[in-house]
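Accompanying notes for the structure given below.
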Amino acid sequence: MGFLEVEDLKVYFPIKGGLFNRTLGNIKAVDGVSFSIEQGKTYGLVGESGSGKTTTGRAIIGLNDITSGKVLFEGKDLTSKKSKTASVRKDIQMIFQDPYSSLNPKKRVLDIVAEPIRNFEKLSKQEEKKRVQELLEMVGLSPESILKYPHEFSGGQRQRIGVARAIALKPKLIIADEPVSALDVSVQAQVLNFMQDIQKELNLTYLFISHDLGVVKHMCDEIGIMYKGRYVEQGTKQDIFENPQHIYTKRLVAAIPDIDPRHRAEQKQFREDVQREYEQSYNDYFDSEGLAYGLQSVSDTHLVALPEKG
Amino acid sequence: MSEKLLEIKNLKTSFRIKDDYYAAVDDVTLTLNKNEVLGIVGESGSGKSALAFSVMGLHNRAKIEGNILFKDQDIANISPAKLNKLRGDDMAMIFQDPLTALNPLMIVGDQISETLLLHKKNMSQKQRKDRVISLLDQVGIPYPEHVYNQFPHELSGGMRQRVIIAIAIANQPELLIADEPTTALDVTIQAQILDLIKDLKDDMNTGIILITHDLGVVAEMADRVAVMYAGQIVEIADVHTLFENPLHPYTRSLLNSVPNTQEGQDKLHVIQGIVPSLSKLPREGCRFAARMPWIDESVHEENPVLHEIKPGHFVRCTCHKHFYFPDESKEDSNHGVS
Ligand SMILES: Nc1ncnc2c1ncn2[C@@H]1O[C@H](COP(=O)(O)OP(=O)(O)OP(=O)(O)O)[C@@H](O)[C@H]1O
Ligand SMILES: Nc1ncnc2c1ncn2[C@@H]1O[C@H](COP(=O)(O)OP(=O)(O)OP(=O)(O)O)[C@@H](O)[C@H]1O
Ligand SMILES: [Mg+2]
Ligand SMILES: [Mg+2]
Numbered sequence: 001m002g003f004l005e006v007e008d009l010k011v012y013f014p015i016k017g018g019l020f021n022r023t024l025g026n027i028k029a030v031d032g033v034s035f036s037i038e039q040g041k042t043y044g045l046v047g048e049s050g051s052g053k054t055t056t057g058r059a060i061i062g063l064n065d066i067t068s069g070k071v072l073f074e075g076k077d078l079t080s081k082k083s084k085t086a087s088v089r090k091d092i093q094m095i096f097q098d099p100y101s102s103l104n105p106k107k108r109v110l111d112i113v114a115e116p117i118r119n120f121e122k123l124s125k126q127e128e129k130k131r132v133q134e135l136l137e138m139v140g141l142s143p144e145s146i147l148k149y150p151h152e153f154s155g156g157q158r159q160r161i162g163v164a165r166a167i168a169l170k171p172k173l174i175i176a177d178e179p180v181s182a183l184d185v186s187v188q189a190q191v192l193n194f195m196q197d198i199q200k201e202l203n204l205t206y207l208f209i210s211h212d213l214g215v216v217k218h219m220c221d222e223i224g225i226m227y228k229g230r231y232v233e234q235g236t237k238q239d240i241f242e243n244p245q246h247i248y249t250k251r252l253v254a255a256i257p258d259i260d261p262r263h264r265a266e267q268k269q270f271r272e273d274v275q276r277e278y279e280q281s282y283n284d285y286f287d288s289e290g291l292a293y294g295l296q297s298v299s300d301t302h303l304v305a306l307p308e309k310g
Numbered sequence: 001m002s003e004k005l006l007e008i009k010n011l012k013t014s015f016r017i018k019d020d021y022y023a024a025v026d027d028v029t030l031t032l033n034k035n036e037v038l039g040i041v042g043e044s045g046s047g048k049s050a051l052a053f054s055v056m057g058l059h060n061r062a063k064i065e066g067n068i069l070f071k072d073q074d075i076a077n078i079s080p081a082k083l084n085k086l087r088g089d090d091m092a093m094i095f096q097d098p099l100t101a102l103n104p105l106m107i108v109g110d111q112i113s114e115t116l117l118l119h120k121k122n123m124s125q126k127q128r129k130d131r132v133i134s135l136l137d138q139v140g141i142p143y144p145e146h147v148y149n150q151f152p153h154e155l156s157g158g159m160r161q162r163v164i165i166a167i168a169i170a171n172q173p174e175l176l177i178a179d180e181p182t183t184a185l186d187v188t189i190q191a192q193i194l195d196l197i198k199d200l201k202d203d204m205n206t207g208i209i210l211i212t213h214d215l216g217v218v219a220e221m222a223d224r225v226a227v228m229y230a231g232q233i234v235e236i237a238d239v240h241t242l243f244e245n246p247l248h249p250y251t252r253s254l255l256n257s258v259p260n261t262q263e264g265q266d267k268l269h270v271i272q273g274i275v276p277s278l279s280k281l282p283r284e285g286c287r288f289a290a291r292m293p294w295i296d297e298s299v300h301e302e303n304p305v306l307h308e309i310k311p312g313h314f315v316r317c318t319c320h321k322h323f324y325f326p327d328e329s330k331e332d333s334n335h336g337v338s
């Protein structure tokens, strides 16, 4: 039994319109996604804008209703009404994309970080303050910070406040949605290092959503690649970066900017070759609606969306 | 032959905070040639956008000193009407924040069309509409005919960003300032936009200032790179030199904090401390000194200036000769990306 198991998850949003605002159809934001994560590991979710990454994360944590499928966390089915219990919600937390807008500017750091604690535990003012100060120390902020407001911190520090809030209830799983996209590289490095440190310390599991493949490669053990609500490929970091099989993954990997300017011409050539392959073999990899096929395994760890043989 | 397009001389852009002015861009001198991409990198708050806004004449309450010569005309000191005519026509900007740059009450097609009207007065309405749709298509927007009639709030963040790009390139400007043009976009769209910017340069000889915190983008796009720290240029060199032989401690630290896509490394380098806010910036001595406290203070110049190390490669302060990372020995401290 896995730590987190997502089975054939579907999340559809109705498209409304017409005379009586009827449902005209569905946006299949997540359309049959399955994966599992082992405890203590980091699983990366990558894909183009609008491919359903955030929706998947929000569905796991219960912020989006699930159309069908299952989410099993430590064997408990989160989708069945019964287990929507407080203790499970406490174990899963989310770090949001934007450190500038995800913290309420009118609240002091104390109130921001204490909010989840207040929802789940009854602590005295004194106990609460002490707990928040410990958390801030863990994320490398001074205990005096509790009386400050978000605008008094830099972007990296603000993201740490978000992390302090996310770990306040000692969760087991953190869903990190683009946690460093808005940060410049040096601050980004600070937040990534820190996430790795607390992962070891607290045996945390991460579902790490990002469009930056350099960051994903640095952080993740396993990676799933999404395209229009479906998986096109899944594998270990090595499978995805050294041996990509699906044409969309190849295109994604080829698009990563190379930090060495000497490789410019080579990189351009490579990208053009991949683009040509993409155009030529598009019909082998996508069905008549332009959607990915079901996953077939190509090795113990590596799954690729290919048409069924025969 | 390189032909000068933009020349910035001793630019100082100051903002008023309470009763005093504080320089966010502090004595910057730069040139940009036609058909050249100049990358500008630097920490958040180092003055990159303030520099870009100064060139475009878009600051309304800042004090601007120095000269900005665009094709030999000083645009730091011309009338707003003249500047308005240059903007969106000869020079254009892609803004970091797409929401503030679009009119929320106007469909995007009309916003792009309006820009075209500035330049190509003799286009028919039909021609203009076709051109707008082809621009939307070029920036990778699916269903351009449909998006033409949509309002900004109906588009995702990445799509709005691409509309801004379409507006900026609509008139094939001679000078394009792109401020974090692809930060909100996924890599495949990013690659497409960068190609588009390259085409503009190749086809129209456009000079481009590319501001970004993505060093990979700089490595792929720029001919020369300027590194800013605390309002000043601390290093400037051609792109190969900058990545292979970076000298300034800030440049080297920055390169070290990028997750390496080639091989796994354990810990990323973190620059100690934070960028001070504008009113607390150190104005004397080496501005980066406080971020490298393990280095002996005596190695800094009293008034650091840019030194030309090799033709075209400038570095501020002499401290780079004595810099090493805290976790490495002093001997093998000199290497870049390789
Ligand atoms: N509440 C909603 N109502 C209707 N459609 C929605 C809603 N939330 C998401 N969608 C749609 O679902 C699809 C997937 O969106 P999602 O935010 O999951 O993408 P993403 O992969 O996180 O993209 P990005 O990289 O841009 O953040 C998109 O087409 C989006 O427009
Ligand atoms: N209108 C303004 N009034 C006062 N201070 C300002 C104003 N605009 C910018 N600043 C300050 O000037 C400094 C430089 O800001 P700028 O926006 O140029 O940074 P940047 O290098 O573009 O950063 P980023 O990478 O985050 O975009 C910062 O300290 C900023 O707070
Ligand atoms: Mg998202
Ligand atoms: Mg900026």
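Residue numbers (the UniProt record's numbering), protein chains in the order written: chain H, 1 to 310; chain A, 1 to 338.
For glycine and all other residues, C-beta sits at the position ideal for the given N, C-alpha and C.
Cutoff 6 Å; reference residue i; Cβ partners in own chain excluding five residues on either side
i, result
"TYR43 (chain H)", "ILE37, LEU207, GLU222"
"THR13 (chain A)", "ALA24, VAL25, ALA50, SER54, ALA62, ILE64"
"ILE132 (chain A)", "The question names Ile, but residue 132 (chain A) in the sequence shown is Val. GLY109, ILE112, SER113, listed in sequence order."
"GLU7 (chain A)", "THR31, LEU69"
Contact list for residue i against chain A, beta-carbon separation under 9 Å
i, result
"GLN190 (chain H)", "SER257, LEU268, VAL270, ILE271"
"GLU144 (chain H)", "Those within 9 Å of GLU144 (chain H) in chain A number zero; the least Cβ separation is about 16 Å."
For residue i, the residue or residues it bridges with in DSSP
i, result
"LEU69 (chain A)", "A:GLU7, A:ASP74"
"GLU74 (chain H)", "DSSP output for GLU74 (chain H) lists no bridge partner at all."
"TYR22 (chain A)", "A:PHE15"
"HIS307 (chain A)", "A:VAL315"
"LEU4 (chain H)", "H:ILE37, H:PHE73"
"SER297 (chain H)", "H:LEU303"
"ASP284 (chain H)", "In DSSP, ASP284 (chain H) forms no bridge with anything."
"ALA226 (chain A)", "A:ILE40, A:ILE236"
"LEU183 (chain H)", "Paired residues: none, contrary to the question."
"TYR250 (chain A)", "Answer by DSSP bridge pairing: none, since TYR250 (chain A) is not bridged."
"TYR206 (chain H)", "H:THR42, H:ILE174"
For residue i, three-class secondary structure by DSSP
i, result
"ALA164 (chain H)", "helix"
"TYR324 (chain A)", "coil"
"SER121 (chain A)", "Residue 121 (chain A) is actually Lys in this sequence, not Ser. If DSSP states are grouped into helix, strand and coil, LYS121 (chain A) belongs with coil."
"ARG230 (chain H)", "strand"
"TYR148 (chain A)", "helix"
"ASN26 (chain H)", "strand"
"GLU121 (chain H)", "coil"
"GLU144 (chain H)", "helix"
"PHE243 (chain A)", "helix"
"VAL139 (chain A)", "coil"
"ASN256 (chain A)", "helix"
"GLU331 (chain A)", "The pLDDT assigned to GLU331 (chain A) is 44, lower than 50, so where the model puts this residue is not dependable; a value taken from the coordinates is nonetheless given after this. The answer is coil: DSSP assigns GLU331 (chain A) none of H, G, I, E or B."
Cross-chain neighbours of residue i in chain H, by beta carbon under 8 Å
i, result
"ILE274 (chain A)", "SER154, GLY156, GLN157"
"HIS240 (chain A)", "PRO261, ARG262"
"SER44 (chain A)", "SER154, GLY155, LEU183, ASP184, VAL187"
Residue i CB to nearest heavy atom of ligand 1 below 7 Å
i, result
"PHE13 (chain H)", "yes"
"ILE60 (chain H)", "no"
Residue i: contacting residues in chain H (beta-carbon distance under 9 Å)
i, result
"LEU215 (chain A)", "VAL185, PRO257, ILE259"
Residue i beta carbon near ligand 4 (any heavy atom closer than 7 Å)
i, result
"ASP179 (chain A)", "yes"
"residue 389 (chain A)", "With chain A covering only 1 through 338, there is no way to say anything about residue 389 (chain A)."
Neighbouring residues, chain H, relative to residue i (Cβ below 7 Å)
i, result
"ALA219 (chain A)", "PRO257, ASP258, ILE259, ASP260, PRO261"
"LEU254 (chain A)", "VAL185, SER186"
"GLY158 (chain A)", "SER49"
"ASP186 (chain A)", "GLU48, SER49, HIS211"
beta-carbon residue i near ligand 3 non-hydrogen atom, thresh 7 Å
i, result
"LYS53 (chain H)", "yes"
"ASP31 (chain H)", "no"
Neighbouring residues, chain A, relative to residue i (Cβ below 7 Å)
i, result
"ASN193 (chain H)", "LYS267, LEU268, VAL270"
"ARG108 (chain H)", "Correct list: empty, because the minimum Cβ distance to chain A is about 20 Å."
Beta-carbon proximity list for residue i, same chain, < 8 Å, skipping 5 on both sides
i, result
"GLY214 (chain H)", "ILE256"
Within chain D, partners of residue i - CB distance below 9 Å
i, result
"PHE243 (chain A)", "Note that chain D does not occur in the displayed structure, where the protein chains are H and A."
Partner residues on chain A for residue i, Cβ-Cβ distance less than 8 Å
i, result
"ARG271 (chain H)", "ALA191"
"ARG251 (chain H)", "THR188"
"GLN267 (chain H)", "GLU220"
Residue i CB to nearest heavy atom of ligand 2 below 7 Å
i, result
"LEU17 (chain A)", "Reading off the sequence shown, one finds Ile at residue 17 (chain A), where the question assumed Leu. Indeed, a heavy atom of ligand 2 lies less than 7 Å from the Cβ."
"SER277 (chain A)", "yes"
Close-in-space but distant-in-sequence residues of the same chain around residue i (CB under 7 Å, 5 per side omitted)
i, result
"ALA254 (chain H)", "PHE270, ARG271, VAL274"
"LEU247 (chain A)", "GLU235, ILE309, VAL315, HIS320"
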